[in-house]
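Numbering follows the working numbering, in which position 115 of the sequence shown is assigned residue number 122; successive positions increment by one, without gaps.
Glycine residues also receive a C-beta, built at the ideal position from the N, C-alpha and C atoms.
Quantities reported herein were computed from a predicted structural model and do not represent experimental measurements.
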Amino acid sequence: MAETTLSSGAFDEIAADERTSGVKIEVKGVPGYQSDTQSAVIVAQMLAGTAVAGVPMRVEGDGSAAAALFGRGSHSHRMVMAFRRGNSTTPIDVIGLSDNPAGVAATKSILIAGTATAAGQINLYVGLDRVQIGVGIGDTAATLATALAAAINAETNLIVAAQTSATAGEVKITCRHKGEIGNETKLSINLLGDLGGESTPAGIAVTGLGFLTGGSANPDQTAAIAAVQNRDYYYYVLGGWSDTATLSAWSPELEAMWSPERELWGRIGITARRGTLSQLKTFGSARNDRFITCSGVFGTVGPIYETAARLAAKAARSLANHPARPLHELMLTGERAPEKQDIFSARDRKDLLWSGIATVKEGPAQTMVIDRMITLYQRNASGDRDDTWLDITTPATVGLIVNTIKRLVYDRFIATRCILVDDETAEVVDTAIPCTCPKKIKATIFAHYSVLKTAGLVENEAAFRKLFQVGRDPNNPTRINMIYTPDIANPLITFAAQIKFSLQWPSDLVDAA
Numbered sequence: 008m009a010e011t012t013l014s015s016g017a018f019d020e021i022a023a024d025e026r027t028s029g030v031k032i033e034v035k036g037v038p039g040y041q042s043d044t045q046s047a048v049i050v051a052q053m054l055a056g057t058a059v060a061g062v063p064m065r066v067e068g069d070g071s072a073a074a075a076l077f078g079r080g081s082h083s084h085r086m087v088m089a090f091r092r093g094n095s096t097t098p099i100d101v102i103g104l105s106d107n108p109a110g111v112a113a114t115k116s117i118l119i120a121g122t123a124t125a126a127g128q129i130n131l132y133v134g135l136d137r138v139q140i141g142v143g144i145g146d147t148a149a150t151l152a153t154a155l156a157a158a159i160n161a162e163t164n165l166i167v168a169a170q171t172s173a174t175a176g177e178v179k180i181t182c183r184h185k186g187e188i189g190n191e192t193k194l195s196i197n198l199l200g201d202l203g204g205e206s207t208p209a210g211i212a213v214t215g216l217g218f219l220t221g222g223s224a225n226p227d228q229t230a231a232i233a234a235v236q237n238r239d240y241y242y243y244v245l246g247g248w249s250d251t252a253t254l255s256a257w258s259p260e261l262e263a264m265w266s267p268e269r270e271l272w273g274r275i276g277i278t279a280r281r282g283t284l285s286q287l288k289t290f291g292s293a294r295n296d297r298f299i300t301c302s303g304v305f306g307t308v309g310p311i312y313e314t315a316a317r318l319a320a321k322a323a324r325s326l327a328n329h330p331a332r333p334l335h336e337l338m339l340t341g342e343r344a345p346e347k348q349d350i351f352s353a354r355d356r357k358d359l360l361w362s363g364i365a366t367v368k369e370g371p372a373q374t375m376v377i378d379r380m381i382t383l384y385q386r387n388a389s390g391d392r393d394d395t396w397l398d399i400t401t402p403a404t405v406g407l408i409v410n411t412i413k414r415l416v417y418d419r420f421i422a423t424r425c426i427l428v429d430d431e432t433a434e435v436v437d438t439a440i441p442c443t444c445p446k447k448i449k450a451t452i453f454a455h456y457s458v459l460k461t462a463g464l465v466e467n468e469a470a471f472r473k474l475f476q477v478g479r480d481p482n483n484p485t486r487i488n489m490i491y492t493p494d495i496a497n498p499l500i501t502f503a504a505q506i507k508f509s510l511q512w513p514s515d516l517v518d519a520a
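Here you go:
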């Protein structure tokens, strides 16, 4: 029987020419499969706080720490809290940005008129937050305006401040931030209606309600983009901004993350936009961003940046669990459905989806749920319609596959410092010496594809095996080239059926079937 031999070339630390006596042992951990912890970053405006503008800060726990970091009631604080209501586990960093110095704050003046002839309450809603004041018989408009302004300012979690004016009964509401986000604050009364115990006392009228207006000039994104260069976030929650300057700054950055130099595959930007059907279609048709999704809404009561945070919360949790599963029917925790006339119909949503706009729809009990989250990408370089990157599940799935392939190849062949030889030589190299060849690499990749198939990430293994290519570079003997051709799993989006019934199927027709 031949003596078993094992080459000293298998060792990394014990020298081949070791002469001292004793037992020499080196210990190596063998890498196993590891899944990434997928974190999110919220980019939003900040007020006075302990955080430094433009520097990512981790917000731990339930998100309440964002108040001290970025200012209580700030854009950043409110987005974090909206995100956390629907997702308590995904790690979040926040990049707080200072207001644009040239910006203008949005405002709105409401007018209280009359003298109360019955007691009750005024229930003013700032977005989805209720500010309530008591009303006594005989209270005048001026008295109530003063009380309402004081009540608004006492609610420090609000993004607005209030003051009375020289006009009796007038309350001027001003966003605490400059920029377009202020235009997303809607003032309403009695959202719960009579059934919810909300009505304005007799003798009193409140007018001038609606969205704040006049906010302009969003923050420059340069500092935020610079701040993520050496970070590894998966989900970029873009403040609910959808202006051209912001999206055109982030789109090439997200594209660059997918490059061989950055190797940050699967990264996605998430935002939302308010508008009419026509406005959203026009906006969406003008964009073509592969890795940004923008959901369109019309009549929601809450601000669009909180809608964006809720969308990101649900998408981040679901895609991390399994990137190929569709996101439809996931409830946007904290989102309130608008009135029926302000909700996009199924036909409207179809039009939006053909214009690059992701959609939401009404769920049970005045909730809102995801309908379909698509990217803004619509056409290829030739200008032809291209659905390759339609659903955000596609970049998420591809990103996970690429990350696992990179980790597999690195752990098996690069980290072990393999020798690269041809297939024939590999058969005779001492098995103790880390050694590989195209044939071994191919077998490893094929076995891994089966694992991905079992995980529900890919399909059509036979086609993959036929199309797959791997070989040594003819001009560089230290390099392996591979063409990897997965057929990725797809989300079930539509189930179409035709119901053909009969009051009594003829027996001859049944027999012939």
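- Rounded C-alpha distance that separates Thr153 from Gly176: Taken atom to atom, the span from the alpha-carbon of Thr153 to that of Gly176 is near 8 angstroms.
- Measure how close the beta-carbons of Ile490 and Phe475 come, nearest whole angstrom, since I'm counting them as under 8 angstroms. The pair is a contact, with the Cβ atoms about 7 angstroms apart (cut-off 8 angstroms).
- Cα separation between Glu191 and Thr57? So the alpha carbons of these two residues sit roughly 26 angstroms apart.
- Message: Measuring straight from C-alpha to C-alpha, what distance separates Ile364 and Asp391?
- Response: Their Cα atoms are separated by approximately 18 angstroms.
- Query: Pick from Leu54, Arg379, Ser81, Phe90: whose alpha carbon is nearest that of Gly70?
  - Reply: Among Leu54, Arg379, Ser81, Phe90, the Cα nearest to that of Gly70 is on Phe90.
- Message: Just to check my reading of the structure: Leu219 and Cys182 have Cβ atoms closer than 8 angstroms, yes? What is that Cβ distance to the nearest angstrom?
- Response: With a contact defined as Cβ atoms closer than 8 angstroms, Leu219 and Cys182 qualify at about 6 angstroms.
- Item | Thr423 versus Pro441, Ile412, Val436, residue with shortest Cα-Cα distance | For Thr423, the nearest C-alpha among the options comes from Pro441.
- Query: Where Val465 and Ile299 are concerned, what is the direct C-alpha to C-alpha distance, given to the nearest angstrom?
  - Reply: Those two C-alpha atoms are separated by around 23 angstroms.
- Write down the C-beta distance between Leu245 and Ile196 rounded to the nearest angstrom, noting that I regard them as a contact closer than 8 angstroms. About 32 angstroms; that fails the 8 angstroms criterion.
- Note the first and the last residue of the continuous alpha helix (DSSP H) segment covering Ala402. The amino acid occupying residue 402 in the given sequence is Pro; Ala does not appear at that position. Taken as a continuous stretch (DSSP letters only), the alpha helix (DSSP H) holding Pro402 covers 400-416.
- Please name the residue, chosen from Pro98, Ala22, Val133, that lies closest to Gln45 on a Cα-to-Cα basis. If you compare the alpha carbons of Pro98, Ala22, Val133 with that of Gln45, the shortest gap goes to Pro98.
- Task: Starting from Lys193, follow the beta strand (DSSP E) in both directions and report where the run begins and ends.
- Result: Run containing Lys193: 193-196, per the beta strand (DSSP E) assignment.
- Query: Thinking C-beta only, is Met380 closer than 8 angstroms to Ser302?
  - Reply: Against a cut-off of 8 angstroms, the Cβ pair of Met380 and Ser302 comes out as a contact.
- Nearest candidate by alpha-carbon position, reference Gly273, set Tyr241, Ala23, Ala322: Ranked by Cα distance from Gly273, the options Tyr241, Ala23, Ala322 are led by Tyr241.
- Message: Measuring straight from C-alpha to C-alpha, what distance separates Asn497 and Met86?
- Response: Answer to the nearest angstrom: the Cα atoms are 31 angstroms apart.
- Message: Please report the distance separating the alpha-carbon of Asp429 from that of Pro445.
- Response: Cα-Cα distance, rounded: 7 angstroms.
- Query: Taking the alpha-carbon positions, what's the Ala503 to Lys357 distance?
  - Reply: Rounded to the nearest angstrom, the two C-alpha atoms are 15 angstroms apart.
- Can you give the Cα-Cα distance for Val62 and Ala161, rounded to whole angstroms? Near 30 angstroms, if we compare the C-alpha coordinates of Ala161 and Val62.
- Whole angstroms is fine: what's the gap from Ala60's alpha carbon to Thr207's? A direct Cα-to-Cα measurement between Ala60 and Thr207 gives close to 43 angstroms.
- Task: Could you pull out every unbroken beta strand (DSSP E) segment of at least 3 residues lying fully inside the stretch 56-125, listed in chain order?
- Result: If we require 3 residues or more, the beta strand (DSSP E) runs fully inside the stretch 56-125 come out as 63-66, 99-104, 112-121.
- Following the continuous beta strand (DSSP E) through Glu369, name the residue where it begins and the one where it ends. Run containing Glu369: 365-369, per the beta strand (DSSP E) assignment.
- Could you check where the alpha helix (DSSP H) with Ser457 kicks off and where it finishes? Its alpha helix (DSSP H) spans residues 445-461.
- Inter-residue Cα distance where the pair is Gly217 and Ala372: Each residue's CA atom was taken as its position, placing Gly217 and Ala372 some 24 angstroms apart.
- Task: Could you tell me the boundaries of the beta strand (DSSP E) in which Lys288 lies?
- Result: No beta strand (DSSP E) contains Lys288, which is instead part of the alpha helix (DSSP H) from 284-292.
- Can you pull the DSSP bridge partners for Phe4? Lying before the first or after the last residue shown, residue 4 is absent from the chain, which here runs from 8 to 520.
- Item | Leu383 beta carbon less than 8 angstroms from that of Arg522 | In the structure as shown, the chain begins at 8 and stops at 520. Residue 522 is therefore absent and cannot be evaluated.
- With 16 other CB atoms within 10 Å as the buried threshold, where does Ile102 fall? Buried, because 16 or more other Cβ atoms sit within 10 Å of the Cβ of Ile102.
- Which class does Lys347 belong to by DSSP, given the choice of helix, strand or coil? Helix at Lys347.
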